[in-house]
Each structure stands twice: as C-alpha cells, then as structure tokens.
Amino acid sequence: MSKKNKNNERKLDRHVLEILVCPLSKTRLILSADKSELISLVGRIAFPIKNGIPLLSVEESRDISEEEYISLK
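Position one of the sequence shown corresponds to residue -12 (my numbering), numbered consecutively onward.
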C-alpha cells in the first residue's frame, strides 16, 4: 500500500463515511479497496480522497467501468 493510501485510510473517519452520500444520486458511498476513492454504485462514479478529504464534486469524479461496477456489487 502506498503512503498516500495509508494517509487516506488513517484520516477518513468511519463516522464521516457513514453520513456521506453521493451528490448526484443521494445514495450511500462505499470505500474502494485501496481506500483512495468513495464510490457511488447507483451513480456509477468514483470520488477521490486526497489528504484524507473526500472530493465530492462532479468535476473531480470519474466514471467507473462496467467491469468495476460488476466487481463491486
């Protein structure tokens, strides 16, 4: 695991994760396996976590592929 991912894991509070929702679909987000992104399965987009801060803007997000979507379900 890279130092960047360790920092994200250490700084993102689990209680915060429980209350965050996707700004588009208003549904819960899940933490990626490497803890570098928050993923909206309904919106099929991923939001980066930088320096422990989730960047929940559409401009910062990326679309997840069909393969990623299937693997996360």
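The C-beta atom is built at its ideal place from N, Cα and C for all residues, glycine as well.
What you are looking at is a predicted structure, and each value in this text was computed from that prediction instead of being measured.
Checklist line | Runs of alpha helix (DSSP H) lying entirely within the stretch -2 to 54, each at least 4 residues, in chain order | finding: 1 to 6
Notebook entry, point to check: Can the beta-carbon of Y56 be found less than 8 Å from the beta-carbon of R31?
Noted result: yes
Next item on the list: Have a look at I40, E46, S19 and I36 and flag the residue whose alpha-carbon is nearest the alpha-carbon of S58.
Entry: When only C-alpha atoms are compared, the closest one is S19.
Next item on the list: For S52, count neighbouring C-beta atoms within 10 Å of its own C-beta (all shown protein chains included) and say buried if the count is 16 or more, exposed if not.
Entry: exposed
Check: Ordered along the chain, which non-local residues of its own chain (more than five positions away) have a Cβ less than 8 Å from that of L43?
Finding: L7, C9, P10, L25 and F34
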